[in-house]
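Protein chains in written order, with the working numbering: chain E, 574 to 932; chain L, 574 to 932.
2 protein chains.
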Amino acid sequence: MSTLGELGEAGILARILPILSGAANTERTLIGPGDDAALLAVPSGSVVITTDTMIEGKDFLLRGDAPGRSPLGSTGEEIGHKLAVQNLADIAAMGAEPTALVLSLSAPATTPLALIEGIARGLAARSARAGAVVIGGDLGGADMISLTVTALGELVPGLGGRAIRRDGARVGDVVAVGTPQLGRSAAGLALLLGGHDPAELGDVQRGAEGALEFHRAPEVDLEAGHRLAAALGHDLHAMIDVSDGLLRDAGRLADASGVRIHLDADGLATMAEALRPLADSLGQDPSAWVLGSGEEHAMLICLPPSALQAARDVLRDAGRDLTVVGRVLPAGEEGPRATAAGVNEQGADGSALGWDHFE
Amino acid sequence: MSTLGELGEAGILARILPILSGAANTERTLIGPGDDAALLAVPSGSVVITTDTMIEGKDFLLRGDAPGRSPLGSTGEEIGHKLAVQNLADIAAMGAEPTALVLSLSAPATTPLALIEGIARGLAARSARAGAVVIGGDLGGADMISLTVTALGELVPGLGGRAIRRDGARVGDVVAVGTPQLGRSAAGLALLLGGHDPAELGDVQRGAEGALEFHRAPEVDLEAGHRLAAALGHDLHAMIDVSDGLLRDAGRLADASGVRIHLDADGLATMAEALRPLADSLGQDPSAWVLGSGEEHAMLICLPPSALQAARDVLRDAGRDLTVVGRVLPAGEEGPRATAAGVNEQGADGSALGWDHFE
Numbered sequence: 574m575s576t577l578g579e580l581g582e583a584g585i586l587a588r589i590l591p592i593l594s595g596a597a598n599t600e601r602t603l604i605g606p607g608d609d610a611a612l613l614a615v616p617s618g619s620v621v622i623t624t625d626t627m628i629e630g631k632d633f634l635l636r637g638d639a640p641g642r643s644p645l646g647s648t649g650e651e652i653g654h655k656l657a658v659q660n661l662a663d664i665a666a667m668g669a670e671p672t673a674l675v676l677s678l679s680a681p682a683t684t685p686l687a688l689i690e691g692i693a694r695g696l697a698a699r700s701a702r703a704g705a706v707v708i709g710g711d712l713g714g715a716d717m718i719s720l721t722v723t724a725l726g727e728l729v730p731g732l733g734g735r736a737i738r739r740d741g742a743r744v745g746d747v748v749a750v751g752t753p754q755l756g757r758s759a760a761g762l763a764l765l766l767g768g769h770d771p772a773e774l775g776d777v778q779r780g781a782e783g784a785l786e787f788h789r790a791p792e793v794d795l796e797a798g799h800r801l802a803a804a805l806g807h808d809l810h811a812m813i814d815v816s817d818g819l820l821r822d823a824g825r826l827a828d829a830s831g832v833r834i835h836l837d838a839d840g841l842a843t844m845a846e847a848l849r850p851l852a853d854s855l856g857q858d859p860s861a862w863v864l865g866s867g868e869e870h871a872m873l874i875c876l877p878p879s880a881l882q883a884a885r886d887v888l889r890d891a892g893r894d895l896t897v898v899g900r901v902l903p904a905g906e907e908g909p910r911a912t913a914a915g916v917n918e919q920g921a922d923g924s925a926l927g928w929d930h931f932e
Numbered sequence: 574m575s576t577l578g579e580l581g582e583a584g585i586l587a588r589i590l591p592i593l594s595g596a597a598n599t600e601r602t603l604i605g606p607g608d609d610a611a612l613l614a615v616p617s618g619s620v621v622i623t624t625d626t627m628i629e630g631k632d633f634l635l636r637g638d639a640p641g642r643s644p645l646g647s648t649g650e651e652i653g654h655k656l657a658v659q660n661l662a663d664i665a666a667m668g669a670e671p672t673a674l675v676l677s678l679s680a681p682a683t684t685p686l687a688l689i690e691g692i693a694r695g696l697a698a699r700s701a702r703a704g705a706v707v708i709g710g711d712l713g714g715a716d717m718i719s720l721t722v723t724a725l726g727e728l729v730p731g732l733g734g735r736a737i738r739r740d741g742a743r744v745g746d747v748v749a750v751g752t753p754q755l756g757r758s759a760a761g762l763a764l765l766l767g768g769h770d771p772a773e774l775g776d777v778q779r780g781a782e783g784a785l786e787f788h789r790a791p792e793v794d795l796e797a798g799h800r801l802a803a804a805l806g807h808d809l810h811a812m813i814d815v816s817d818g819l820l821r822d823a824g825r826l827a828d829a830s831g832v833r834i835h836l837d838a839d840g841l842a843t844m845a846e847a848l849r850p851l852a853d854s855l856g857q858d859p860s861a862w863v864l865g866s867g868e869e870h871a872m873l874i875c876l877p878p879s880a881l882q883a884a885r886d887v888l889r890d891a892g893r894d895l896t897v898v899g900r901v902l903p904a905g906e907e908g909p910r911a912t913a914a915g916v917n918e919q920g921a922d923g924s925a926l927g928w929d930h931f932e
C-alpha cells in the first residue's frame, strides 16, 4: 500500500486528478486541475463563495484501531462526502446552486494513498450529484490530515440576482427546517466518542447505525435551498443551514433580523421522540440532540404562513418535506435571540446547546 | 491578552471582521463576510480560482522562544502577507487580476487573539494592494494554526477570455523571470532553520536580514502577470509562478509544453554571485539557492525573442525588470524536462533541487 511520501507530489497528483476530473468535464470548466489556477465560466455575472475546513481528530476520526482512530470512525469516502455536504449546504443556504469546488489537502507523508483516493472519490461523487465539479486544488504536508474546500455557486435565475440572507426574518413568520429529523449527528457523535458499537446496543441497534452513518456522511436535501428560493421568491424571507445546532443557528437568524425566534412546535417533540430510545440507552436527552446537533446541514427558513403550503409542495415534489419548528416574534427586552420552549424562555441563554469551535 | 478560547467564535469574529472588511467595501462585494456564503460580482463572465494552505511548523514558524517557535520566526502580519502572496501569485500566473479571497482559519483555543488579528491585517493589507478584498471565511479549532486561502480573479480584458497556461512554450522561446533575484527565500530558510541571527553574521548581516525578511514575507511583483498578459497578448506563450524552485517549475512548464527548457543564462550566475557572501558564510552553494528556492513567486515566462523588449518595457514602466534565465529547446531523448547548466545536463534528474511537500 503506497504512502504519499513514497509517491511524491507528482505521483499523488497522477492518481488523484483522474478521480477528481472524472466528474470535471462540464461545460463550465474552462481550465480544470493542473495549472496555476482553474478557470470557471460564470454566466450569471456573480458567484457565491464559501469555505470550510475539516481536521483529523477535531472534525473527524479515521476508522481503525490505531491510536487516535476508532473502529466507528470514518472512511475516506465518508470524509469526502461530508466535506462536500458542509460546503454545498452553505451555497444552498444562499438560494444558490453549486457549480465548482477546490480542495486544499494537507497530510502526513505516511498517509496511505488509498485513504486520499477515498476522500477524493467521496468529494467528487457527492459534488457531482449536486451538479458541481472539483476544478482544482493544492497538496501539502502536515502532521495530521487537514482538508479545506472552497465551493462556488450561482444564484437561481429569476430572482434578479437576489441571495437569500439571514437578515430578512419578519415578525409573524413561520420557522421551518427542510428535514423530518434533526439530532442524528449529535447522536452519532455521542456513539463515536463513547465507543458504543451499535451491534452491542440491542433494540436500538438500527437507530444507532443510522445516527453514526448520518454523523459520518450526512445525507441532506441540498436542493431544498435553491428549489425554495426559485419557488417562493421574495416570500423566502431568510435562510441558513443548521451547522452548529438549531438553537444556535436560529439565534444567528434572529440576531441578523432583529427578532426573536421561538422554537416550540410539535415537530420538535416528534423529532425528539424518534430519538428517545437511543438517547435513553445512552443516558442522554433527545431534546438536547434536536436543539443542539451541529453538522445537520438542513435548511432553516423563515417565511410567511401564507407561503407555507407552496414551500411544502415544492419539497414534496422531490419526495422531501418541511417541518415547522417555531415562529418569529418581536425582539423582547433581552434583544434579538432564539428561545426554545422549556430551555431558555426565562432568560437562561441556552448556550450550552450547540457547537462553538473554541469553547 | 485574550485567547480564542476566552472569546469564543462570536467574540473572535467581532474582532476579526472589521479588520477584513475594512478593505472589503468595493463595488464587487455584493455580500461580504457574515452570512452562509459571500457573493462577488464577476462582470467578465469567468472566474480564475486557486487555493493554498499554510500550516504552523510546516510552512512557517511563529516568532518566539517557546518550543516550536524561533526568535527568527514570523509575526502574524508576515504570515498573513505570505498567505496572500502565494495565492495571488497563482492568479497572476494565469494573466489575471485578483478580485477576492476567502480565509479558512483553524487554531488552538490557546492562541492569542493578537496573533490572529495580525494574520488578518497582513492578509487584508497585501490583498488590498493587489486590488483584492477578503470577502469571507471560516473559523475552526485545531492543534496548530492552519490557514487556507482561496483566491479569485478575472482575466485581463482584451485577450478574449484567454488565460496564460503552462503548455504554450515553443522551441526558440526565451525563458525569463520577473525579478532580478531568485534564491532569497531558500537563503532565509537556511538562516531560520540553522538559527543564524543576522546580527551575529558580521559583513553579511544586511544580506541575511533581507533574505530572512523575504522568506517570511516575500515582496513580489504580482502585477507582472496581468501586465505582461495585457501587453504581449498571444506572444506570452506560457507562464507559471516560481513556488517550488526555478528548476522544478521550469520542468512543469517543459512537461506541459512538450519541450526542454535549458537554464544557462548569465542572469543566473549574476543572481548566484549576489548571494555568494551569505552562502559562503553558511557553507552553502548559492547556485542551488537560485535554482531550488521555493516560495519566490516571481513570474516565469516563455516568449519569442522578438517580444522580449516589449516585455521589458512593460515592467520597467513600473520600476521592475525581467531577467533572462534560459531558452526553450526541442525535447530530447529523455523527453520534456528542464535542465540547468552544470547540474543535470548529462542526465542527472536534478530533483534534489526544489521543493516536494512529501519528500
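Built from N, CA and C at the ideal position, the CB exists for glycine as well.
Judging by CA-CA distance, which residue of the options is the nearest neighbour of residue i?
{"i": "E:Gly-856", "options": "E:Glu-650, E:Leu-873, E:Ala-763, E:Ser-619", "result": "E:Ala-763"}
{"i": "L:Asp-837", "options": "L:Glu-650, L:Gly-714, L:Ala-736, L:Ala-911", "result": "L:Ala-911"}
{"i": "E:Ala-884", "options": "E:Ser-830, E:Thr-576, E:Gly-734, E:Leu-809", "result": "E:Leu-809"}
{"i": "E:Thr-852", "options": "E:Pro-681, E:Ala-784, E:Leu-720, E:Asp-663", "result": "The question names Thr, but residue 852 of chain E in the sequence shown is Ala. The option with the nearest alpha carbon to E:Ala-852 is E:Ala-784."}
{"i": "E:Ser-758", "options": "E:Ser-816, E:Ala-797, E:Asp-776", "result": "E:Ser-816"}
{"i": "L:Gly-713", "options": "L:Asp-886, L:Leu-577, L:Leu-888, L:Ala-823", "result": "L:Leu-577"}
{"i": "E:Thr-602", "options": "L:Gly-653, L:Phe-931, L:Ile-622", "result": "L:Ile-622"}
{"i": "L:Leu-766", "options": "L:His-870, L:Leu-755, L:Gly-646, L:Ser-830", "result": "L:Gly-646"}
{"i": "E:Asp-929", "options": "E:Glu-868, E:Ala-891, E:Met-872", "result": "E:Glu-868"}
{"i": "E:Leu-635", "options": "E:Ala-662, E:Glu-796, E:Ala-687, E:Pro-616", "result": "E:Ala-687"}
{"i": "E:Leu-888", "options": "E:Pro-850, E:Glu-792, E:Thr-752, E:Ser-619", "result": "E:Thr-752"}
{"i": "L:Ala-669", "options": "L:Ala-880, L:Ala-871, L:Leu-848, L:Arg-800", "result": "L:Arg-800"}
{"i": "E:Pro-933", "options": "E:Ala-665, E:Met-812, E:Gly-584", "result": "Since the first residue of chain E shown is 574 and the last is 932, residue 933 of chain E is not available in this structure."}
{"i": "L:Glu-786", "options": "L:Pro-771, L:Gly-798, L:Glu-796", "result": "L:Pro-771"}
{"i": "E:Asp-711", "options": "L:Ala-790, L:Gly-768, L:Asp-663", "result": "L:Asp-663"}
{"i": "E:Asp-828", "options": "E:Gly-761, E:Leu-795, E:Glu-650, E:Arg-738", "result": "E:Arg-738"}
{"i": "L:His-870", "options": "L:Gly-768, L:Ala-639, L:His-654", "result": "L:His-654"}
Look up residue i in the DSSP assignment and give the residues it is bridged to.
{"i": "L:Met-717", "result": "L:Met-717 pairs with nothing; no bridge assigned."}
{"i": "E:Gly-575", "result": "Before going on, a small fix: residue 575 of chain E reads as Ser here, not Gly. According to DSSP, which records beta bridges pairwise, E:Ser-575 is partnered with nothing at all."}
{"i": "L:Asp-711", "result": "L:Ser-677"}
{"i": "L:Arg-910", "result": "L:Arg-833"}
{"i": "L:Ser-619", "result": "E:Ala-614"}
{"i": "E:Val-897", "result": "E:Ala-749"}
{"i": "E:Ile-692", "result": "For E:Ile-692, which the question treats as bridged, DSSP gives no partner whatsoever."}
{"i": "E:Ala-725", "result": "Per the sequence shown, residue 725 of chain E should be read as Leu rather than Ala. Paired residue(s): E:Ile-622, E:Ala-673."}
{"i": "L:Asp-706", "result": "It should be pointed out that residue 706 of chain L corresponds to Val in this sequence rather than to Asp. Paired residues: L:Ala-673."}
{"i": "E:Asp-548", "result": "Any answer about residue 548 of chain E is impossible in this case: the structure gives chain E only from 574 up to 932."}
{"i": "L:Asp-814", "result": "L:Met-872"}
Hey, is residue i's beta-carbon within less than 7 angstroms of any beta-carbon in chain C?
{"i": "L:Ile-628", "result": "Going by chain labels, chain C is absent from the structure shown, which instead holds the protein chains E and L."}
Worksheet item: Between the stretch 738-753 of chain E and the stretch 887-901 of chain E, do at least 3 Cβ pairs fall closer than 8 angstroms?
Response: yes
Worksheet item: In the stretch 848-863 of chain E, which residues sit with their C-beta less than 9 angstroms from some C-beta in chain L, listed in chain order?
Response: Those residues of the stretch 848-863 of chain E that come within reach of chain L (Cβ to Cβ, closer than 9 angstroms) do not exist; the list is empty.
Discussion item. Taking contact to mean 3 or more Cβ pairs, one atom from each stretch, closer than 8 angstroms, check whether the stretch 776-793 of chain L and the stretch 835-846 of chain L are in contact.
Written reply: no
Discussion item. Please give the ranges of any alpha helix (DSSP H) in the stretch 624-654 of chain L, keeping only runs that are unbroken, at least 4 residues long and fully inside the region.
Written reply: As far as the stretch 624-654 of chain L is concerned, it has no whole alpha helix (DSSP H) run of at least 4 residues.
Discussion item. Please give the ranges of any alpha helix (DSSP H) in the stretch 745-769 of chain E, keeping only runs that are unbroken, at least 4 residues long and fully inside the region.
Written reply: 757-767
Worksheet item: Using 8 angstroms as the Cβ pair cut-off and three pairs as the minimum, do the stretch 604-618 of chain E and the stretch 647-660 of chain E touch?
Response: Of all C-beta pairs linking the stretch 604-618 of chain E to the stretch 647-660 of chain E, fewer than three are shorter than 8 angstroms, placing the two stretches out of contact.
Practice prompt. Just list the alpha helix (DSSP H) runs in the stretch 839-890 of chain E, keeping only unbroken ones of 4 residues or longer that don't cross its boundaries, in chain order.
Written response: 839-855, 859-865, 881-890
Discussion item. With three or more C-beta pairs closer than 8 angstroms as the rule, is the stretch 716-726 of chain E touching the stretch 666-680 of chain E?
Written reply: yes
Practice prompt. Decide if the stretch 694-710 of chain L is in contact with the stretch 825-837 of chain L; the criterion is three or more beta carbon pairs, one per stretch, under 8 angstroms apart.
Written response: no
Discussion item. So if I threshold CB-CB distances at 9 angstroms, which residues from the stretch 627-647 of chain L count as touching chain E?
Written reply: Met-627, Ile-628, Gly-630, Lys-631, Asp-632
Worksheet item: Of all the residues that make up the stretch 675-687 of chain E, which are near chain L by a beta-carbon distance shorter than 7 angstroms?
Response: Val-675, Ser-677, Ser-679, Ala-682
Discussion item. So if I threshold CB-CB distances at 8 angstroms, which residues from the stretch 707-721 of chain L count as touching chain E?
Written reply: Ile-708, Gly-709, Gly-710, Asp-711, Leu-712, Gly-713, Gly-714, Ala-715, Asp-716, Met-717, Ser-719, Thr-721
Worksheet item: How do the stretch 885-895 of chain L and the stretch 814-828 of chain L stand: do at least 3 beta-carbon pairs fall below 8 angstroms, yes or no?
Response: no
Worksheet item: According to a CB-to-CB cut-off of less than 9 angstroms, which residues of the stretch 574-599 of chain L neighbour chain E?
Response: Thr-576, Leu-577, Gly-578, Glu-579, Leu-580, Gly-581, Glu-582, Ala-583, Gly-584, Ile-585
Worksheet item: Using Cβ-Cβ distances below 9 angstroms, what residues of the stretch 606-619 of chain L are close to chain E?
Response: Gly-607, Asp-608, Asp-609, Ala-610, Ala-611, Leu-612, Leu-613, Ala-614, Val-615, Pro-616, Ser-617, Gly-618, Ser-619
Item to complete: With 7 angstroms as the limit, tell me which residues of the stretch 793-825 of chain E have their beta carbon closer than that to any beta carbon of chain L; keep them in chain order.
Response: Ile-813, Asp-814
Worksheet entry | Proximal residues, the stretch 833-847 of chain L versus chain E, C-beta separation under 9 angstroms | none
Worksheet item: According to a CB-to-CB cut-off of less than 7 angstroms, which residues of the stretch 731-742 of chain E neighbour chain L?
Response: Cβ contacts with chain L come from Ala-736, Arg-738, Arg-739.
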